[in-house]
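Here my numbering = 1-based position in the sequence shown + 1171. Each residue gets a CB set at the ideal place from its N, CA and C atoms; glycine is no exception.
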Amino acid sequence: MRVIAVANQKGGVGKTTTAINLGTALAAVGRRVLILDCDAQGNASTGLGVEPVARRKTSYDVLVGDGTLAEAIIETKVPNLDLVPGDENLAGVETILHSDPKKNFKLQEAFAELKRSGREYDTVLIDCPPSLSAVTINAMVAANAVLVPLQCEFLALEGLSQLLRTVDLVRNALNPDLEIQGVVLTMYDRRNNLSDQVAGEVRSFFGAKVYQTVIPRNVKLSEAPSFGLPAILYDHKCSGSEAYIMLAQELMQRERERAAA
């Protein structure tokens, strides 16, 4: 089971869109995929068509010890793709876990328990909140790697150094095997010279860590969640869907190379 935290403390960079559509694309080629919605807005859950009334157990319950991952998992409309939903209670996790000496290891322990139960996934994607909170730290401690969506807009790299410092801190103190799996450029607008400038700047900074696949700014990607569908099911021929299918292929190639190394 390969656990990837989709993280960036900036909001509106495409974390949830990436988790949903990358997960769907991986599931479409037969991978068993689990998405953990760890954002208090619950957008990944909504975007996969899971209404609040159906979220009997959520990632909040898992983090605070009121339920297991196995109890919280819901099947989605997408074959091979399951979900642990999120809800607004996640906003209070920091306060509840504040004095718990194991506060940073709740998700790691939950995954260990899931493995013992015999339930297995090829890929787990954790949709992190737009902050470097206790929830994000838990995700990084539980993860093998971090996938960073980065928008092709002005000041895209602003604040990213803080995320990288957090990854280093987690690696040094809590999870020595944590790595940056890759950086995904999102919201690329080919009509805007700024997008090319930002892409060049990011590639010069991160080098080979940046995926060749670039996610375009695409109205279908924005529309799909309101129908409770990943864009790949909403309109599989749109440029956004095609980009996420290519991203999934590139990710699988990277993972094969990592495993062979």
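Residue i versus residue j: straight-line alpha-carbon distance, rounded
| i | j | result |
| --- | --- | --- |
| S1304 | A1379 | 28 Å |
| L1404 | S1412 | 8 Å |
| S1393 | L1328 | 23 Å |
| L1365 | C1323 | 8 Å |
| L1334 | T1247 | 31 Å |
| N1346 | Q1279 | 10 Å |
| L1296 | G1185 | 14 Å |
| A1431 | T1266 | 42 Å |
| I1244 | T1307 | 20 Å |
| D1271 | I1351 | 28 Å |
| Q1180 | S1332 | 11 Å |
| C1209 | R1427 | 27 Å |
| Q1212 | R1429 | 34 Å |
| R1362 | V1341 | 39 Å |
Residue i in three-state terms, based on DSSP
| i | result |
| --- | --- |
| M1358 | strand |
| E1394 | helix |
| D1253 | strand |
| G1182 | coil |
| E1222 | coil |
| Q1384 | A small fix is needed here, since residue 1384 is Thr in this sequence, not Gln. Note: T1384 maps to strand in three-state DSSP. |
| E1329 | coil |
| G1399 | coil |
| D1213 | Correcting the residue identity first, residue 1213 is Gly in this sequence and not Asp. The answer is coil: DSSP assigns G1213 none of H, G, I, E or B. |
| N1364 | helix |
Top-ranked residue by Cα proximity to residue i, from the options
| i | options | result |
| --- | --- | --- |
| A1283 | L1240, G1330, D1298 | L1240 |
| Y1415 | R1425, Q1180, Q1424, A1402 | A1402 |
| G1353 | Y1231, R1425, V1295 | R1425 |
| L1207 | V1200, G1201, S1216 | S1216 |
| L1356 | Y1292, D1348, V1177, A1370 | A1370 |
| L1422 | G1194, G1183, T1187 | G1194 |
| A1395 | T1337, T1384, I1386, H1407 | H1407 |
| R1290 | L1326, L1321, I1386, D1253 | D1253 |
| D1293 | L1197, Q1383, P1301, N1192 | L1197 |
| L1285 | A1419, I1386, L1268, V1255 | V1255 |
| V1264 | R1173, L1326, A1178, L1234 | L1234 |
| V1224 | R1202, V1204, D1258 | D1258 |
Distance between beta carbons of residue j and residue i, contact taken as under 8 Å
| i | j | result |
| --- | --- | --- |
| V1381 | V1373 | 6 Å |
| V1317 | M1311 | 6 Å |
| R1314 | I1175 | It is worth fixing the name first, because residue 1314 is Ala in this sequence and not Arg. With 8 Å as the limit, A1314 and I1175 qualify as a contact, their Cβ atoms being about 6 Å apart. |
| G1399 | G1220 | 3 Å |
| Y1231 | N1251 | Rounded, the Cβ-Cβ distance is 25 Å, inconsistent with contact. |
| N1309 | K1273 | Wrong, their Cβ atoms sit about 10 Å apart, outside the cutoff. |
| R1388 | D1360 | 5 Å |
| D1298 | T1384 | No, D1298 and T1384 are not in contact; Cβ-Cβ is about 19 Å, not under 8 Å. |
Counterpart residues of residue i in DSSP-defined beta bridges
| i | result |
| --- | --- |
| E1265 | Its beta-bridge partners do not exist; DSSP assigns none. |
| T1294 | R1173, V1204 |
| E1350 | A1316 |
| I1245 | L1254 |
| L1321 | L1356 |
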